[in-house]
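Single-structure report; data block below.
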Amino acid sequence: MIEVSREGAVALIRLNRPKQLNALNSALAAQMIAAVRELDADVEVGCLVITGNERAFAAGADIAEMAGLSAQEMAAQDFFGEWEVFARSRKPKIAAVNGYALGGGCELMMMCDFAIAGQGAKFGQPEVKLGVMAGIGGTQRMARLIGRARAMDMHLTGRMMDAAEALQAGLVARVVPDTEVLPQAMEAARVIASYSRPAVRLIREAIGRAEEVSLAEGLLFERRVFHGLFGTPDQQEGMAAFLEKRAAVFRGD
Ligand code: CO8
Numbered sequence: 245m246i247e248v249s250r251e252g253a254v255a256l257i258r259l260n261r262p263k264q265l266n267a268l269n270s271a272l273a274a275q276m277i278a279a280v281r282e283l284d285a286d287v288e289v290g291c292l293v294i295t296g297n298e299r300a301f302a303a304g305a306d307i308a309e310m311a312g313l314s315a316q317e318m319a320a321q322d323f324f325g326e327w328e329v330f331a332r333s334r335k336p337k338i339a340a341v342n343g344y345a346l347g348g349g350c351e352l353m354m355m356c357d358f359a360i361a362g363q364g365a366k367f368g369q370p371e372v373k374l375g376v377m378a379g380i381g382g383t384q385r386m387a388r389l390i391g392r393a394r395a396m397d398m399h400l401t402g403r404m405m406d407a408a409e410a411l412q413a414g415l416v417a418r419v420v421p422d423t424e425v426l427p428q429a430m431e432a433a434r435v436i437a438s439y440s441r442p443a444v445r446l447i448r449e450a451i452g453r454a455e456e457v458s459l460a461e462g463l464l465f466e467r468r469v470f471h472g473l474f475g476t477p478d479q480q481e482g483m484a485a486f487l488e489k490r491a492a493v494f495r496g497d
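Sequential numbering of the sequence shown, starting at 245, is according to this note's numbering.
In structure tokens:
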């Protein structure tokens, strides 16, 4: 249900349930979590790109799979709880989004570090129309990303947002022509993967902190990890290369 390929230090994960518009079912989730665990442990991998196809990034959790489950069964299985493994994985993740990113698909996109979307992409949290609500972080991550009023609008009306509105709201980082989505995401991933791994890791952790702690705590965390990076060979290489007017070659430590 997913295809994993490698291009140098970049790993591409493509959701592959085209007939169901890449609806996220348990089997797909299990494959995705296993792949991300493996890629996370692979020192050669510097960045992940997650994509779907032209029609859909993912049209949500699989409604057919969920429809018959009771609250007890949902809770006993901690249904979709394992997606947190994806969200917490330590490699940078870029969502390359064409078509629909709805419900769990929009939530999956928001679990990534940032999204590059095509002009024809559509975003939404339509769970309210099904008599339920977002369950893989949608209420929390969207409110933090685009603010309370916009998140309320999206979750309570279930309407779709187009790419221009998503860019303006801050839901996605870039909007590009549809055919440029994957090339631009791969290029961004190559750039990120070429930088110092400790620097990239700590930048992600520091920005992640901004969503969790007070400003004072976050600033202290940032300053401490900034100081810590001066212990790395990559810092010495990066600054020496600048002063010597040459390209830096990071070792990744
Ligand atoms: N689940 C299962 N199947 C789906 C889904 C889905 N989310 N979305 C589309 N499909 C299937 C359709 O059933 C259809 O199958 P078939 O050909 O066998 O009838 C096929 O994909 C193509 O879809 P459509 O014919 O509907 O295509 P359209 O172009 O007419 O419409 C839409 C595209 C607008 C995207 C439409 O398919 C749609 O509205 N899909 C549902 C979107 C939705 O409601 N998503 C939210 C799902 S709920 C959710 O994500 C909750 C997450 C939290 C769970 C946490 C649990 C703890």
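Even for Gly, the Cβ is constructed at its ideal location relative to N, Cα and C.
Check whether the Cβ of Val329 sits closer than 8 Å to any heavy atom of the ligand CO8, and report yes or no. Annotation for Val329 indicates a beta carbon at 8 Å or more from all heavy atoms of the ligand CO8.
Heavy atom of the ligand CO8 less than 8 Å from the Cβ of Gly362, yes or no? Not so, every heavy atom of the ligand CO8 lies at least 8 Å from the Cβ.
Quick one: is Lys366 buried, meaning 16 or more other Cβ sit within 10 Å of its Cβ, or exposed? Result: buried.
To which residues does DSSP link Asp406 through a beta bridge? Partner(s): Lys366.
What is the DSSP secondary structure of Leu272, counted as helix, strand or coil? Helix at Leu272.
With hydrogens ignored, establish whether the beta-carbon of Val376 is closer than 8 Å to any heavy atom of the ligand CO8. Proximity of the beta carbon of Val376 to the ligand CO8 is indicated: a heavy atom of the ligand is located closer than 8 Å.
Buried/exposed call for Val425, threshold 16 Cβ in 10 Å: It counts as buried.
DSSP state of Glu317, grouped into three classes? Here Glu317 sits in helix by DSSP.
Compute the distance between the beta-carbons of Asn266 and Ala303, then report whether it is under 9 Å. In terms of Cβ geometry, Asn266 and Ala303 form a close pair [threshold 9 Å].
Reduced DSSP category for Glu251 - H, G, I as helix; E, B as strand; rest coil: Glu251: strand per DSSP, three-state reduction.
Where does Ser440 land, buried or exposed, given buried means 16+ other C-beta within 10 angstroms? The C-beta of Ser440 has 16 or more other C-beta atoms within 10 Å across all chains shown, which makes the residue buried.
Per DSSP, what are the beta-bridge partners of Thr295 in this structure? Bridge partners of Thr295 according to DSSP: Arg258 and Ala340.
Which of the three DSSP states, helix, strand or coil, is assigned to Leu346? The answer is strand: DSSP assigns Leu346 an E or B state.
Give every residue of the same chain whose Cβ lies closer than 7 Å to the Cβ of Pro370, excluding the five residues on either side of it in the sequence, and list them in chain order. Here the set comprises Leu346, Gly347 and Gly402.
Taking the alpha helix (DSSP H) that Ala302 belongs to, which residues open and close that run? In the DSSP assignment, Ala302 falls outside any alpha helix (DSSP H) and lies within the beta strand (DSSP E) extending over Ala300 to Ala302.
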